[in-house]
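Heads up, the thing below is written out as structure tokens.
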Amino acid sequence: MALPARWSKNAEVTDSTEEVMEIQMGPSHPASHGTIKFNLKLDGERIIDCDIEVGYLHRGFEKMCEQGTWTQCFPYTDRLNYASPCINNVGFALAVERLLGVIAPERCQYARVIMSEVHRLADHLTCLGMAAGEVGAQSVMFYMMEAREFLYDLVEAVTGARLTVTWCRVGGITRDLPADLGARIALAFSHLDGILSDCDKLLSRNRVFIDRMADIGVMAAEEAISYGLSGPLLRASGVAYDVRKAHPYLVYDRFEFEVPTGSKGDNYDRFNVRFQEMYESRKIIEQAMRSLPEGPIALDDPRIVLPPKERVYSSIEGLMNHFKLIMEGIKVPAGEVYQAVEGSNGELGFYVVSDGSGRPYRVRVRPPCFLGMGALSRMLAGHMIADIVATFGMINMIGGECDR
Amino acid sequence: MLLDQLKERFGADIVAAESAHGEETIAIARERALDVMRALRDEPAFVFDFLTDLTAVDWPARTPRFDVVYHLHSIGRGHRLRIKVAAGEPGPSVTSVTALWKSADWLERECYDMFGIVFEGHPDLRRILMYDSFEGHPLRKDYPVNLRQPIVPETDPILNPLRHSR
Chain A
123 MALPARWSKN AEVTDSTEEV MEIQMGPSHP ASHGTIKFNL KLDGERIIDC
173 DIEVGYLHRG FEKMCEQGTW TQCFPYTDRL NYASPCINNV GFALAVERLL
223 GVIAPERCQY ARVIMSEVHR LADHLTCLGM AAGEVGAQSV MFYMMEAREF
273 LYDLVEAVTG ARLTVTWCRV GGITRDLPAD LGARIALAFS HLDGILSDCD
323 KLLSRNRVFI DRMADIGVMA AEEAISYGLS GPLLRASGVA YDVRKAHPYL
373 VYDRFEFEVP TGSKGDNYDR FNVRFQEMYE SRKIIEQAMR SLPEGPIALD
423 DPRIVLPPKE RVYSSIEGLM NHFKLIMEGI KVPAGEVYQA VEGSNGELGF
473 YVVSDGSGRP YRVRVRPPCF LGMGALSRML AGHMIADIVA TFGMINMIGG
523 ECDR
Chain B
15 MLLDQLKERF GADIVAAESA HGEETIAIAR ERALDVMRAL RDEPAFVFDF
65 LTDLTAVDWP ARTPRFDVVY HLHSIGRGHR LRIKVAAGEP GPSVTSVTAL
115 WKSADWLERE CYDMFGIVFE GHPDLRRILM YDSFEGHPLR KDYPVNLRQP
165 IVPETDPILN PLRHSR
């Protein structure tokens, strides 16, 4: 039996089969690290239309936050983007602190910057490693996971946990940085540098990798803004918008760092922007460690911060203070605040509304990768099925944050 | 300063204005929301090209009951603005801004899903985080946190394909 003409080697890639095939990819597909469903309309292997279903990991984050005290929200924020929980912690703490009209002590702000950047490194390593693994560069995935382990050792030394750290509190942090943190960071970075250099050599000029990434999922700057993209996705399109520069929070305005941007807005630019950002985060951590001030790590305010345990167990005032804060919660004055921080995937915003009781009236998260997923079907239109995995990997959808 | 500019430009369209915690908030009437937001996006004095976030807040004791809250941002100029549009019962609805910002598509779907606010003119308004047969709107204050939903009969994805298809 003769093959159809379109199977001959001379066939143009644009020729259409005139048939639309509908395929559902997911929700549990081995190539998508995250539970998500693609309802595809295909012409051969070419994507005509792609309807994306999210929500498989919806836990009702915003509803749960309304049930407890402000402090009890912190464990929930860990589980938003679980690859960079400290950034979520910091964002929520800053929002509540602004409503209260207080500013955390200097040392605490530096510690928050350091841990945010450590987690940005870990998050980018996860994103790039997984994305590289999905397009066939398995070894890069394992190298990057190894590098992430060194960073997780740092996180463990500072917070006592590896994943769900619950490290920030309103007005401070739970524990001080360990005395040998400088040495630990130097050790982790010495490993990290070697691995990043290896991965750079393996990928950045690798023909197969570039063919899979370049010119795929292109998003022009104007369209990226309209879709609400932020972070590495927006910067890859050439818009140098970084919350740390545009609306500095904590002490970011004291450090020197660049905002890497791309030019085309394709997956290769996204990969490069993330890769360069890791070196910038490294720079910020080193600067912060050099100028790390001594001092308290939390406010000395009995209305906001729990008293030290010695006072709780040895004085009636301390015990009452502890009891009131645990049972009634921090009395945040009525009002509303939108606080944005630069999450590893983009602008992570917390819109918090208080009615003056000890419980949040409304906690809304602006999830950066939710908007990235909203633009995904536009990015994929006209590309091949195999490009879904590469593009999806570069959006770095984290189920906990996207679906909340 | 931004508030003065806005008051001068839009006058009576602004129902209320407030500046707190370094953030500017204005409230606009439901009927005028789309026109005002189009002007905010296009006019060179404002250039709010980035719809950062869109959500709602439920105030059950108040009439109208819901505030739809828009957070606008200008990437070039770096200013932010919060806009509130009130929507009342029964059948709370506001005009969709999908024609102005593409990010509004999914954000409005989520707001509809969570609060049951209808966005008139939205091209594809259906649930996004919850499943189709979910009953009620979970972020409303009168939705009990421990409410159990009826069990959904299993559907065969082969026999009943693309349940969500647009």
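Protein sequences, first through last, are from chains A and B.
Residues in the first sequence are numbered from 123 upward in steps of one, following the numbering used here.
Residues in the second sequence are numbered from 15 upward in steps of one, following the numbering used here.
In this text, a Cβ means the ideal position worked out from N, Cα and C, and glycines have one as well.
A distance below 8 Å separates the beta carbons of Ile209 of chain A and Val463 of chain A.
Along the segment 135-168 of chain A, going in chain order, the ones with a CB nearer than 8 Å to a CB of chain B are Glu144, Gln146 and Asn161.
Here the alpha carbon of Arg229 of chain A sits roughly 21 Å from the alpha carbon of Asp275 of chain A. Rounded to whole angstroms, the gap between the alpha carbons of Asp27 of chain B and Met51 of chain B is 11 Å. Listed as beta-bridge partners of Phe64 of chain B by DSSP are B:His87. In the structure shown, the three-state DSSP call for Lys431 of chain A is helix. Gly90 of chain B counts as exposed, since fewer than 16 other C-beta atoms from the protein chains shown sit within 10 angstroms of its C-beta. Judged by their CB atoms, Gly148 of chain A and Asp525 of chain A are not nearer to each other than the 8 Å cut-off. With 16 or more other CB atoms across the displayed protein chains lying within 10 angstroms of its CB, Asp119 of chain B is buried.
Per the C-alpha coordinates, the member of A:Asn467, A:Leu351 and A:Val427 positioned closest to Ile448 of chain A is A:Val427. Not a single CB atom of chain A sits nearer than 8 Å to the CB of Gly135 of chain B. Residues of the segment 73-105 of chain B with a C-beta less than 8 Å from any C-beta of chain A: Val83, His85, Ile89, Gly92, Arg94 and Arg96, listed in chain order.
The C-beta of Arg488 of chain A comes closer than 8 Å to at least one C-beta of chain B. Apart from the 5 residues on each side of it in sequence, Asp320 of chain A sits with its Cβ closer than 7 Å to the Cβ of Tyr265 in its chain, given in chain order. In this structure Asn203 of chain A is buried. Its beta-carbon is surrounded by 16 or more other beta-carbon atoms within 10 angstroms. Contact of Asp525 of chain A with chain B by beta-carbon distance below 8 Å involves Leu143. Nearest to Val111 of chain B by C-alpha distance, out of B:Gly105, B:Glu103, B:Val83 and B:Met128, is B:Val83.
A:His155 is the residue among A:Ser150, A:His151, A:Ser352 and A:His155 whose C-alpha sits nearest the C-alpha of Ile520 of chain A. Check the Cα spacing between Asp333 of chain A and each of A:Asp388, A:Leu222 and A:Ser499: the tightest is with A:Asp388. Our two residues, Gly255 of chain A and Glu345 of chain A, have alpha carbons roughly 29 Å apart in a direct line. Taking Ile338 of chain A as the centre and dropping the five residues before and after it, the same chain places the C-beta of Asp388, Asn389, His505, Asp509, Ala512 and Thr513 closer than 7 Å to its C-beta, in chain order. Secondary structure at Ile426 of chain A: coil, using DSSP grouped into helix, strand and coil. The Cβ atoms of Leu68 of chain B and Leu16 of chain B do not sit closer than 8 Å to each other. Look at Met442 of chain A here: in three-state DSSP terms it is helix. Note: Thr69 of chain B is bridge-paired with B:Val83 in the DSSP secondary-structure output. Between Arg55 of chain B and Leu114 of chain B, the C-beta gap is smaller than 8 Å, which places the two residues in contact. DSSP lists B:Ala31 and B:Ile97 as the beta-bridge partner residues of Ile40 of chain B.
Using a Cβ-Cβ cut-off of 8 Å, Glu38 of chain B does not count as an interface residue toward chain A, since no Cβ of chain A sits closer than that to its own. When the beta-carbon positions are compared, Met516 of chain A and Phe393 of chain A come within less than 8 Å of each other. Inter-residue distance for Gly105 of chain B and Arg79 of chain B is about 11 Å (C-alpha atoms, whole angstroms).
Just so you know, the alpha carbons of Glu45 of chain B and Arg481 of chain A end up roughly 34 Å apart. Under the 8 Å criterion on CB atoms, Phe24 of chain B is classed as non-interfacial with respect to chain A. DSSP places Asp171 of chain A in the uninterrupted beta strand (DSSP E) bounded by Arg168 to Glu175. Taking Val373 of chain A as the centre and dropping the five residues before and after it, the same chain places the C-beta of Gln231, Tyr232 and Val235 closer than 7 Å to its C-beta, in chain order. Residue environment for Leu285 of chain A: exposed (fewer than 16 other C-beta atoms within 10 angstroms of its C-beta).
Between the segment 278-292 of chain A and the segment 215-225 of chain A there are three or more inter-stretch CB-CB distances shorter than 8 Å, so the stretches are counted as touching.
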